[in-house]
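>
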Amino acid sequence: MSAALAAGVEVLGREAMYLDEQRWDEWLALYTEDCEFWMPAWKADGTPTADPQSELSHIYYANRKGLEDRIVRIRSGKSPASSPMPRTAHLLGAILPLDPPSPERMRLRSTWVCHVFFPRQGDSHAFFGSSEHEIVLRGGNWRIAKKKILLQNDAIPTMLDIYCV
Amino acid sequence: MDLKDISLYVDDRPAEGVFRVHRDVYADPELFELEQKFIFERTWNFLGLESQLPKANDFVTAHIGRTPVLVARDTKGGLGAFVNVCRHKGAVVCRAEAGNAKYHVCPYHGWAYDASGRNVDIKDRKSGCYSPAFDAEDHDLLPLARVARYKGLVFGSLSAEVPALEEFLGDMRFFLDLMMEQGPRGMEYIPGRAVYTYRGNWKLQLDNGLDPYHLTSTHLSYIDIQSRRRAGLGNVEARQFDWAMRESKEGGSFGFPHGHSVYWLDQPEPEKRPIFPAIPEIRARLSDRHAEWMLKARNTEIFPNMQIADAITLMLRTFHPVAVDRTEMRSYCLAPVGEAPELRAWRLRQFEDFFNPGGMATPDDTIVYAECQSGLAAQPMTFLQGHSRGIAAAMQGGNDVAEALGIRPTVSVKGGFTMFNEVAFHAPYREWARLIQAGVAGGKAYP
Numbered sequence: 000m001s002a003a004l005a006a007g008v009e010v011l012g013r014e015a016m017y018l019d020e021q022r023w024d025e026w027l028a029l030y031t032e033d034c035e036f037w038m039p040a041w042k043a044d045g046t047p048t049a050d051p052q053s054e055l056s057h058i059y060y061a062n063r064k065g066l067e068d069r070i071v072r073i074r075s076g077k078s079p080a081s082s083p084m085p086r087t088a089h090l091l092g093a094i095l096p097l098d099p100p101s102p103e104r105m106r107l108r109s110t111w112v113c114h115v116f117f118p119r120q121g122d123s124h125a126f127f128g129s130s131e132h133e134i135v136l137r138g139g140n141w142r143i144a145k146k147k148i149l150l151q152n153d154a155i156p157t158m159l160d161i162y163c164v
Numbered sequence: 000m001d002l003k004d005i006s007l008y009v010d011d012r013p014a015e016g017v018f019r020v021h022r023d024v025y026a027d028p029e030l031f032e033l034e035q036k037f038i039f040e041r042t043w044n045f046l047g048l049e050s051q052l053p054k055a056n057d058f059v060t061a062h063i064g065r066t067p068v069l070v071a072r073d074t075k076g077g078l079g080a081f082v083n084v085c086r087h088k089g090a091v092v093c094r095a096e097a098g099n100a101k102y103h104v105c106p107y108h109g110w111a112y113d114a115s116g117r118n119v120d121i122k123d124r125k126s127g128c129y130s131p132a133f134d135a136e137d138h139d140l141l142p143l144a145r146v147a148r149y150k151g152l153v154f155g156s157l158s159a160e161v162p163a164l165e166e167f168l169g170d171m172r173f174f175l176d177l178m179m180e181q182g183p184r185g186m187e188y189i190p191g192r193a194v195y196t197y198r199g200n201w202k203l204q205l206d207n208g209l210d211p212y213h214l215t216s217t218h219l220s221y222i223d224i225q226s227r228r229r230a231g232l233g234n235v236e237a238r239q240f241d242w243a244m245r246e247s248k249e250g251g252s253f254g255f256p257h258g259h260s261v262y263w264l265d266q267p268e269p270e271k272r273p274i275f276p277a278i279p280e281i282r283a284r285l286s287d288r289h290a291e292w293m294l295k296a297r298n299t300e301i302f303p304n305m306q307i308a309d310a311i312t313l314m315l316r317t318f319h320p321v322a323v324d325r326t327e328m329r330s331y332c333l334a335p336v337g338e339a340p341e342l343r344a345w346r347l348r349q350f351e352d353f354f355n356p357g358g359m360a361t362p363d364d365t366i367v368y369a370e371c372q373s374g375l376a377a378q379p380m381t382f383l384q385g386h387s388r389g390i391a392a393a394m395q396g397g398n399d400v401a402e403a404l405g406i407r408p409t410v411s412v413k414g415g416f417t418m419f420n421e422v423a424f425h426a427p428y429r430e431w432a433r434l435i436q437a438g439v440a441g442g443k444a445y446p
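Heads up: the sequence lines are chains A and B, in that order.
When we follow numbering that gives the first Met the number 0, the leftmost residue of the first sequence carries the number 0, and every step to the right adds one.
When we follow numbering that gives the first Met the number 0, the leftmost residue of the second sequence carries the number 0, and every step to the right adds one.
#1: Residues of the region 331-353 of chain B with a CB closer than 9 Å to any CB of chain A: list them in chain order, please.
#2: Could you pull the start and end residues of the alpha helix (DSSP H) that ASN44(B) belongs to?
#3: Looking at the C-beta of LEU205(B), does it have a partner C-beta in chain A at a distance below 8 Å?
#4: Closer than 6 Å by C-beta to PHE31(B): which residues in its own chain qualify, once you throw out the five before and the five after it? Chain order, please.
#5: Compare the Cα-Cα distances from GLY7(A) to each of GLU32(A), ILE70(A), ASP19(A), LYS146(A) and report the closest residue.
#6: Determine the DSSP secondary structure at ILE281(B), reduced to helix, strand or coil.
#7: Does DSSP put VAL164(A) in a helix, a strand or coil?
#8: Any idea if PHE133(B) is buried or exposed, counting beta-carbon neighbours within 10 angstroms, 16 or more meaning buried?
#9: Quick check on ARG94(B) - is its C-beta less than 8 Å from some C-beta in chain A?
#10: Against TRP23(A), what residues of chain B qualify as contacts under a CB-to-CB distance less than 8 Å, listed in chain order?
#11: Measure how close the beta-carbons of HIS450(B) and GLU430(B) come, nearest whole angstrom, since I'm counting them as under 8 Å.
#12: What number of angstroms, rounded off, separates the C-alpha of TYR102(B) from the C-alpha of TYR188(B)?
#13: On the CB-based measure, 16 or more other CB atoms within 10 Å of its CB, does VAL153(B) come out buried or exposed?
#14: Given a threshold of 16 other Cβ atoms within 10 Å of its Cβ, counted over all protein chains shown, does VAL92(B) qualify as buried or as exposed?
#15: Hey, does THR196(B) have any beta-carbon neighbour from chain A nearer than 8 Å?
#16: Could you list which residues in chain B have their beta carbon closer than 9 Å to that of ALA93(A), in chain order?
#17: List, in order along the chain, the chain A residues whose C-beta lies closer than 9 Å to that of GLU236(B)?
#18: Using a Cβ-Cβ cut-off of 8 Å, state whether ASP160(A) counts as contacting chain B.
#19: Taking 8 Å as the cut-off, decide whether the C-beta atoms of ARG145(B) and TRP110(B) are in contact.
#20: Which of the three DSSP states is assigned to HIS89(A) in this structure?
#21: Can you check DSSP and say which residues form a bridge with LEU69(B)?
#22: When the Cα atoms are used, what is the spatial distance from THR42(B) to HIS213(B)?
#23: Listing by chain order, which chain A residues have their CB less than 9 Å from the CB of PRO362(B)?
#24: So which of ALA243(B), ASN304(B), ARG184(B), PRO408(B) has the shortest CA-CA distance to GLY254(B)?
#25: Kindly confirm or deny that the region 277-288 of chain B and the region 158-167 of chain B touch, where touching means at least three C-beta pairs closer than 8 Å.
#26: Select from LEU4(A), ARG63(A), TRP41(A) the residue whose C-alpha is nearest the C-alpha of TRP26(A).
#27: Pull up the CB-CB distance for PRO156(A) and THR196(B), whole angstroms please, since I reckon it's below 8 Å.
#28: What does the alpha-carbon distance come out to for the pair LYS166(A) and GLU54(A)?
#29: DSSP has SER101(A) in a bridge; who is on the other side?
#30: In terms of residues, what are the limits of the alpha helix (DSSP H) holding ARG172(B)?
#31: Return helix, strand or coil for MET84(A), following the three-state DSSP convention.
#32: Just verifying my parser: in three-state terms, what is the DSSP assignment at CYS113(A)?
#33: Under 7 Å Cβ to Cβ from PRO427(B), same chain only, skipping five residues before and after it: list those, please.
#34: What runs of the alpha helix (DSSP H), each 4 residues or longer, lie entirely inside the region 264-313 of chain B?
#35: If you draw a straight line from the C-alpha of ARG106(A) to the C-alpha of PHE36(A), how long is it?
#36: Within the same chain, show all residues whose beta-carbon is closer than 6 Å to that of ALA310(B), passing over the 5 residues directly before and after it, in chain order.
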């Protein structure tokens, strides 16, 4: 594994850890301010939506501010869905480098499972799917410039948030 | 409790200022069965949009209560709706949510039906040694008793004994027009939808969709986010209106016969709506009144299985009651056909910010429904106190707003936003009680 690829794999691992440990500031800092964060919805024909500007997404943000809103809500203590906070465990696998869009970026494809435990209900759900990260070197650190999340089990039990995927 | 005395479930005494709903209405599995039989299976249900089926052989699937339904456009351009169940062994025939198919072939023994529901093949029929009695039977998909359309909305009924659709919708049609006439070429679902379940009775969503009272508590975190956005922080591209400005606004509700209800409010910052640039066109095509009312917030319940909310961006959701304590929802972003790309993107960002299981408001609602469902098992509880706000301001019949609109509701309320009236729930529960009572008594749903 090249040093760059190892650094990219580490970014993915850190993202999972920060979400599971609710280290929200460190999670946000992994993203560039102009990052794109996109989780397409699925269409009635059984395919995911392909264009966030003309089709529905579960989440689409054209920059990091949308992610910051999420963290404000989670931390507010005023969101019934986020308090008590569900507990999560992200499992990542099959991390593969894809053709980079430009020499200073890398693109990684991963498969993930996220187990979410809902303390109020006393039960768990496993969301799963795959992600594509574009990672760039900014100020000496590798950061996420783009993330596309394909949620495969799209019949959602009650809720879905950034920490569930 | 005695099912023959419906007032034990819905205690409705307008002259005394009393409207109470018993917790069993949400929690009793026997009542859930009766709802299937005497409500969903004996009235009109929303099935889909006509714009989902523009071409011959286009289809969508839906449910009426627990009955799987197939809606299809036949080769002559007609719209048919059928029980989506094979006549042979009872398997669901069409297993896709939507698409185009000349034939629908059962996955089990291969019986095939065309888009008009006609059986076109019983596999190996000739060698099957069927009796003449079998040959004499009809083998087509069972058609729904009634199918009808209103302004692009397709409804179906398993019972033939329902009023004409226009009569069923009554003056609620004005509010449907405000949704379905926003675009000069009609309305469509933006591709993509959300399917989610919650652990609660279907009527918890019915209530929530007509309930502004919860906004300032359940969605406090969202209100905080709006405050930050006013300071330029956070995702301002979602272009949400300023919730604080609502407090000084006037609103109200109307209840209609057959269980339909609408909650309305003079919405602040109408320029944040994607429909705003189209207002001159709407005024010219329809009327000043339509344009004015399309800019108000309107949350509607089309009893029993559909709601359209238009507080900022149009959303349509359907309920599929799976069990007394479990509901499957589908939600769609509704938009004018041919909308300009920049307006569509604007609409999507607003919609996703608030709605759906991945939005920042819907999950706070659905998680609370589960808390309600747990709480509704509390034995010492009888009647809830959740249908009483605004009763002292309620007028039976129409008020001045209704008169100006030329509509005849059965109950009207008008007042400040913070009245948060709960009278909007009365029409659906009155109809609920009427239909259950008629069924239990062995009477017709619509005598």
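All C-beta atoms in this analysis are idealised placements derived from N, C-alpha and C, irrespective of residue type, glycine included.
The structure displayed is predicted, hence computed values, not measured ones.
The answer reads as follows:
#1: Hits within the stretch, in order: TYR331, CYS332, PRO340, GLU341, ARG343, ALA344, LEU347, ARG348, PHE350, GLU351, ASP352.
#2: In the DSSP assignment, ASN44(B) falls outside any alpha helix (DSSP H) and lies within the beta strand (DSSP E) extending over 44-48.
#3: No, its Cβ sits nowhere closer than 8 Å to a Cβ of chain A.
#4: If you ignore the 5 residues before and after PHE31(B), its C-beta comes within less than 6 Å of the C-beta of VAL323, all in its own chain and listed in chain order.
#5: When only C-alpha atoms are compared, the closest one is LYS146(A).
#6: Note: ILE281(B) maps to helix in three-state DSSP.
#7: Reduced to three states, the DSSP call for VAL164(A) is coil.
#8: The residue is exposed, with fewer than 16 neighbouring Cβ atoms inside 10 Å.
#9: No, ARG94(B) does not count as interfacial toward chain A.
#10: Correct list: empty, because the minimum Cβ distance to chain B is about 14 Å.
#11: Residue 450(B) lies beyond the residue range present for chain B, which begins at 0 and ends at 446; the question has no answer from this structure.
#12: If you take the alpha carbons of TYR102(B) and TYR188(B), they lie about 25 Å apart.
#13: Counting Cβ neighbours within 10 Å, VAL153(B) comes out buried, since at least 16 surround it.
#14: Burial is judged here by how many other beta carbons sit within 10 angstroms of a residue's own beta carbon; VAL92(B) has at least 16 and is buried.
#15: Put simply, the CB of THR196(B) is near chain A, with a gap under 8 Å to one of its CB atoms.
#16: Think of a sphere of 9 Å around the beta carbon of ALA93(A): no beta carbon from chain B falls inside it, the nearest being about 24 Å out.
#17: Among the residues of chain A, those whose CB is under 9 Å from the CB of GLU236(B) are TYR60, ALA61, ASN62, LYS64, GLY65, following chain order.
#18: Chain B contact via Cβ: present.
#19: Going by beta carbons, ARG145(B) and TRP110(B) fall outside the 8 Å limit.
#20: For HIS89(A), the secondary structure class from DSSP, reduced to helix, strand or coil, is strand.
#21: BP columns for LEU69(B) point to THR60(B), PHE81(B).
#22: Our two residues, THR42(B) and HIS213(B), have alpha carbons roughly 30 Å apart in a direct line.
#23: The answer, in chain order, is SER78, PRO79, ALA80, SER81, THR157, MET158, LEU159, ASP160.
#24: Of ALA243(B), ASN304(B), ARG184(B), PRO408(B), the residue nearest in Cα terms is PRO408(B).
#25: With a cut-off of 8 Å on Cβ pairs, the region 277-288 of chain B is not in contact with the region 158-167 of chain B, counting fewer than three such pairs.
#26: With distances taken between Cα atoms, TRP26(A) lies closest to ARG63(A).
#27: Going by Cβ atoms, the distance from PRO156(A) to THR196(B) rounds to 6 Å, so yes, they are a contact pair.
#28: Because residue 166(A) is not part of the residues shown, which for chain A are 0 to 164, the question remains open.
#29: When beta bridges are read from the DSSP output, SER101(A) appears opposite no residue.
#30: Segment 171-179, the alpha helix (DSSP H) holding ARG172(B).
#31: MET84(A): coil per DSSP, three-state reduction.
#32: In the three-state reduction of the DSSP assignment, CYS113(A) falls in the strand class.
#33: Setting aside the 5 residues that flank it on each side, PRO427(B) is surrounded in the same chain by LEU205, GLY258, SER260, GLU300, PHE302, each with a C-beta closer than 7 Å to its C-beta; the list follows chain order.
#34: As far as the region 264-313 of chain B is concerned, its whole alpha helix (DSSP H) runs of at least 4 residues are 278-284, 287-293.
#35: The alpha-carbon of ARG106(A) is positioned some 14 Å away from that of PHE36(A).
#36: The beta carbon of ALA310(B) sits closer than 6 Å to those of ALA296, all from its chain and outside the five residues before and after it, given in chain order.
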